[in-house]
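Written out below as structure tokens is the structure these notes cover.
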Amino acid sequence: MDGICTLANDRVYDQLIALLNSIEAIYKEKIPVCIYPYDNNTTKIAREIAHRKNVHLYNNKISLEKWDNFVKTIWDRHPTAHQQWQKITTENYHRIGTHRRYCAFDGPFDRFLYMDADTLLLTPIETIFNQLNQNDIVVYDFQHKDLSHVYNINSHKLTQIFSPKRLETEIFCSGFYASKSNIFTAENLHKILTQLQSGEAEILYPMAPDQTLLNYMVMKSNLSHYNLALHLPPDKKTGCCVTSTHFQEKNHILYDKDNPLTYIHYIGISSQIFTRLCAGENIDFPYRETFLYYRYMYEPEKRPKFKNKPIAYNQKPKLITKIWQKLRII
-10 MDGICTLAND RVYDQLIALL NSIEAIYKEK IPVCIYPYDN NTTKIAREIA HRKNVHLYNN
50 KISLEKWDNF VKTIWDRHPT AHQQWQKITT ENYHRIGTHR RYCAFDGPFD RFLYMDADTL
110 LLTPIETIFN QLNQNDIVVY DFQHKDLSHV YNINSHKLTQ IFSPKRLETE IFCSGFYASK
170 SNIFTAENLH KILTQLQSGE AEILYPMAPD QTLLNYMVMK SNLSHYNLAL HLPPDKKTGC
230 CVTSTHFQEK NHILYDKDNP LTYIHYIGIS SQIFTRLCAG ENIDFPYRET FLYYRYMYEP
290 EKRPKFKNKP IAYNQKPKLI TKIWQKLRII
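Each residue of the sequence shown is one higher than the one before, starting from -10 at the first, in my numbering.
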């Protein structure tokens, strides 16, 4: 059985609803969707999906605990991860819940497409699933152009472990990828863990913990990899990230020149921005109208009506605001 899965908690509620609606806009309720819980904060999600027959919240505790323990063991052996994380969080692990997307490799789908909660599906994905007939993992992104957000590029071991050619072509974003269940066996995971514990953990990039480890696991396992961005003809490939400013919207679909995007990834925009927007704050960001359409696709009457001028999502606070914040008065 094929399906789509994502990772979420109540902090990304508005983004999740938009994603689910975008999937239903194409497939109605014909494709099943599985949500992996980032943590236990899923009350609003559970209430929302109760009426969506094709959507369920993953509750396999054995699988969740397996991956939780697996990644903690790895990060405990990383030479600098905890020191780096202490500068930005009081938690023992940085974004530990993001690794739970790996539960997709345990099921419930034989083949799956994983999508981050801050994405929207814009066109059918049969091409991606068909490609899984020839490959173990299928992606569609341009992360290979920026190795620094996947591995520690300062590690001298990096090019000893992976050839420069592989590092140029096999890197991918962990926010959108298709693969198959049971592709990582217990024996395979034990081997990966042993290699990382032997000193290879230093090549991992702790600030994108799930992405770096997933790339390592795929590359170390020599899985057959296919990136549509590297194989499609130049006049057919599209971008996918909100950082690209040239997309055009037609009938709630974004186009790159004449080609519809497969998906749009609102990467880099905090979940708080979406929450504040849906609460009525007139915050502007690229392709906001596309997001709002899908967020309120089934309840347009609840769509916020803005009165004030829009404020850019990345607008820097004024000096006086910074001072008040520093004094903790606001």
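For glycine and all other residues, C-beta sits at the position ideal for the given N, C-alpha and C.
Supposed contact pair L182 and Q63 - C-beta distance, whole angstroms, cut 8 Å
Per the sequence presented here, residue 63 reads as Ile, with Gln not at that position. Contact holds; Cβ gap of about 7 Å.
Can you give the beta carbon distance from Y283 to S11, rounded, assuming they're within the 8 Å contact cut?
For a cut-off of 8 Å, the C-beta gap from Y283 to S11 is around 5 Å, short enough to register as a contact.
Which value, in whole angstroms, describes the spacing of the CA atoms of K76 and H83?
Their backbone Cα atoms lie some 11 Å apart in a straight line.
Return the CA-CA distance between S210 and N177, expressed in angstroms with no decimal places.
Cα to Cα, S210 sits roughly 7 Å from N177.
Out of E54, E13, T87, N58, which has the shortest C-alpha to C-alpha gap to N1?
Note that residue 1 is Val in the sequence shown, not Asn. If you compare the alpha carbons of E54, E13, T87, N58 with that of V1, the shortest gap goes to T87.
Taking contact to mean 3 or more Cβ pairs, one atom from each stretch, closer than 8 Å, check whether the stretch 89 to 106 and the stretch 136 to 145 are in contact.
These segments do not touch.
Please list, in chain order, all residues of the same chain as L147 whose beta carbon is under 6 Å from its beta carbon, the five residues on each side excluded.
For L147, the CB contacts under 6 Å within the same chain, skipping 5 residues up- and downstream, are Y140, I192 in chain order.
Could you tell me the alpha carbon to alpha carbon distance between K225 and Y205, rounded to whole angstroms?
Annotation: K225 to Y205 spans about 29 Å, alpha carbon to alpha carbon.
Is DSSP giving Y2 helix, strand or coil here?
Judged by DSSP in its simplified three-state form, Y2 adopts helix.
N-terminal and C-terminal residue of the alpha helix (DSSP H) that I117 is part of
For I117, the enclosing alpha helix (DSSP H) covers residues 115 to 120.
Assuming N325 and Y129 make a contact with CB atoms under 8 Å, what is their CB distance in whole Å?
No information on residue 325 is available, as it lies outside the stretch -10 to 319 that the chain covers here.
What are the boundary residues of the beta strand (DSSP E) that L193 is part of?
Element bounds for L193: n/a, residue is neither H nor E.
Taking 7 Å as the cut-off, is the C-beta of Q149 nearer than that to any heavy atom in the ligand NAD?
In the structure shown, the ligand NAD is absent, as is every other ligand, since no ligand is present at all.
Close Cβ partners of A190 (< 6 Å) along its chain, the five nearest in sequence each way excluded:
Within the same chain, A190 has close Cβ partners R66, H67.
Helix, strand or coil for A301? Go by DSSP, reduced to three states.
Strand at A301.
Please state whether the Cβ-Cβ distance between T(-5) and I24 is less than 8 Å.
Yes, these two residues count as a Cβ contact at 8 Å.
Counting pairs of Cβ atoms below 8 Å between the stretch 117 to 132 and the stretch 36 to 43, do you hit three or more?
They do not touch, by the three-pair rule.
P223: which of E238, F236, K246, S233 sits nearest, CA to CA?
Nearest C-alpha to P223: K246.
How do the stretch 254 to 271 and the stretch 228 to 243 stand: do at least 3 beta-carbon pairs fall below 8 Å, yes or no?
Cβ pair count under 8 Å is three or more, so yes.
What does the alpha-carbon distance come out to for the pair T264 and Y287?
So the alpha carbons of these two residues sit roughly 18 Å apart.
For I181, which of helix, strand or coil comes out of DSSP?
DSSP places I181 in the helix class (H, G or I) of the three-state scheme.
CA-CA distance, E380 and H241?
This structure cannot speak to residue 380, because the chain is shown only from -10 to 319.
Pair every Cβ in the stretch 39 to 57 with every Cβ in the stretch 158 to 166, then say whether three or more of these pairs are closer than 8 Å.
Between the stretch 39 to 57 and the stretch 158 to 166, the count of Cβ pairs shorter than 8 Å is below three; the stretches do not touch.
Between which residues of its own chain and D95 is the CB-CB distance below 6 Å, once the five residues before and five after are set aside?
Only residues of its own chain outside the window of five on either side were considered, and among them S52 have a CB closer than 6 Å to the CB of D95, listed in chain order.
Between which two residues does the beta strand (DSSP E) holding Q237 run?
First-last of the beta strand (DSSP E) with Q237: 237 to 239.
So, at 6 Å on beta carbons, what are the nonlocal neighbours of I318 in its own chain, with the 5 sequence-adjacent residues on each side left out?
Any answer about I318 is weak, because its pLDDT of 48 lies below 50 and its placement is not dependable; what the coordinates show is given next. Result list for I318: empty, nothing under 6 Å.
Neighbourhood of A197 by C-beta, 6 Å cutoff - its chain only, sequence neighbours within 5 removed
The beta carbon of A197 sits closer than 6 Å to the beta carbons of H138 from its chain, once the five residues preceding and following it are set aside; these are given in chain order.
Under the DSSP definition of a beta bridge, which residues are partnered with V22?
Looking at the DSSP assignment, V22 forms a beta bridge with I(-7), V44.
Taking buried to mean at least 16 other C-beta atoms within 10 Å of its own C-beta, is D105 buried or exposed?
Around the beta carbon of D105, 16 or more other beta carbons sit within 10 angstroms, so the residue counts as buried.
Beta-carbon contacts of S144 that lie in its chain and below 8 Å, excluding the five residues immediately before and after:
Cβ neighbours of S144 beyond the five flanking positions: E191, I192.
Tell me the DSSP secondary structure of N216 in three-state form.
Residue state for N216 is assigned as strand, using DSSP reduced to three classes.
Give me the Cα-Cα distance between F173 and K298, rounded to the nearest whole angstrom.
Spanning the two alpha carbons is a distance of roughly 51 Å.
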